[in-house]
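Only one structure is covered here, and it is reproduced in the block below.
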Amino acid sequence: MAKEKDLLNTDKWIDNYADYMYNYAIVRVNDSDLAKDLVQDTFFAGLKSAKNFQGKSTERTWLISILKRKIIDYYRKINSKKGQAEVRMNFYDDGENEGNWLEERVPQSWENQSEKSVENDELKKQLSSCIDALPEKYAMVFRMKTIQEFETEEICKELDITSSNLWVIIHRARTQLRKCMEDNWFNN
Amino acid sequence: MFKNLRLTCDEATMICDKSQYGASTLLNGLKLNIHFIGCKKCFLYTKQNVKLTDLYKGYSHSCKGEKHTLSLEEKEVLKKLLLKS
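As they're listed, the protein sequences go chains A and B.
First residue of the first sequence? That's 1 in this note's numbering, and the numbers climb one at a time after it.
First residue of the second sequence? That's 1001 in this note's numbering, and the numbers climb one at a time after it.
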């Protein structure tokens, strides 16, 4: 045990890695309290499994690998807890109209587009609130792909999902976001 | 042969969404354009989707520069908790 303690400088963990890990977590989960909890859990788990640290990677890489597991666990939790029910359907899912637009979800023309596209805080607020209105797992994947601009492979690896799964999520998120911006920004 | 080129609106908008990230294929691009001939709804969706991409790109630039840090107080609390464990 003394050997592992020598390899890990646990007294300096907070000073050396807390900000890095917090930043890593928050860009993925977009919730400061949750990110803090994940970082805290990671440090606890790190202490608990200190005996597994063999010094093959840096301390930071080792702690991040624990944090990554915590993020996957969180994603699985929201994936199983909040299923498809929360997703607003945009297309008929059976019958002769299968795959066609549902009447109430058909895109409408947007008014005053140029005027409404000016970069301002109000617009950012609306874009953000439309993402927040998505089911949690959709918001998480959309943010990672579109806002943080992660590669598809990276997201799939980090969340342990397939690329076709990712594209279905992105598709559903974007159709919902389009409607949200139409109702709350362009045609409001 | 032409049956293979037909898309539902759900499939067409999925292709449109993928193309916003440069992840669509040439063949799918062709299918999408054929679909537009008979579907104004998806054509409009695509136009608006491109607009959304622009908006979210601007939003992304303003978010990506942000550095998130814990306050000194939060770090102290965390240190105490770790010491206790």
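Don't be surprised by glycine CBs; every beta carbon is placed ideally from N, CA and C.
- The beta carbon of A:D41 sits closer than 8 Å to the beta carbons of K70 from its chain, once the five residues preceding and following it are set aside; these are given in chain order.
- Cβ-Cβ distances below 6 Å link A:L38 to A25 and K70 in the same chain, with the five nearest sequence neighbours on each side left out; the list follows chain order.
- With contact defined as three or more Cβ pairs closer than 8 Å, the stretch 1042-1053 of chain B and the stretch 1014-1032 of chain B are in contact.
- The C-beta of B:S1019 comes no closer than 8 Å to any C-beta of chain A.
- The CB of A:K157 never comes closer than 9 Å to any CB in chain B; the least such distance is about 16 Å.
- Following the DSSP letters along the chain, one finds A:A139 inside the alpha helix (DSSP H) bounded by residues E136 to F142.
- A:F91 is positioned such that its CB atom lies closer than 8 Å to that of B:C1009.
- Under the three-state reduction of DSSP output, A:W101 falls in the strand class.
- Under the three-state reduction of DSSP, A:F44 is assigned to helix.
- At least 8 Å separates the CB of B:S1024 from every CB of chain A.
- In the structure shown, B:F1043 falls within a helical segment according to DSSP collapsed to helix, strand and coil.
- A:G55 has a beta carbon lying at 8 Å or more from every beta carbon in chain B.
- Looking from the CA of A:L123, the closest CA among B:L1070, B:Y1056 and B:N1004 belongs to B:Y1056.
- With distances taken between CA atoms, A:I72 lies nearest to A:D160 out of A:I14, A:V168 and A:D160.
- For A:D121, the uninterrupted alpha helix (DSSP H) segment begins and ends at D121 to D132.
- Residue state for B:F1036 is assigned as helix, using DSSP reduced to three classes.
- In this model, A:E111 and B:A1023 are separated by some 30 Å (Cα to Cα).
- With respect to A:E136, A:I78 sits close: the two C-beta atoms are nearer than 8 Å.
- By the beta-carbon neighbour count (other beta carbons within 10 angstroms, threshold 16), B:I1037 is exposed.
- Note on B:N1033: under 16 other CB atoms within 10 angstroms of its CB, so exposed under the neighbour-count rule.
- Near chain A, meaning a CB-to-CB distance below 8 Å, the residues of the stretch 1054-1083 of chain B are D1054, L1055, Y1056, G1058, Y1059, S1060, S1062, C1063, K1064, K1067, H1068, T1069, L1070, E1074, K1075, L1078, K1079, L1081 and L1082.
- Straight across, the Cα-Cα distance linking B:S1062 with A:F186 is about 21 Å.
- Among the residues of chain B, those whose CB is under 8 Å from the CB of A:Y22 are H1068, T1069 and L1070, following chain order.
- Setting aside the 5 residues that flank it on each side, A:Q113 is surrounded in the same chain by F186, each with a C-beta closer than 8 Å to its C-beta; the list follows chain order.
- Distance from the CA atom of A:R178 to the CA atom of B:L1052, rounded to whole angstroms, is 7 Å.
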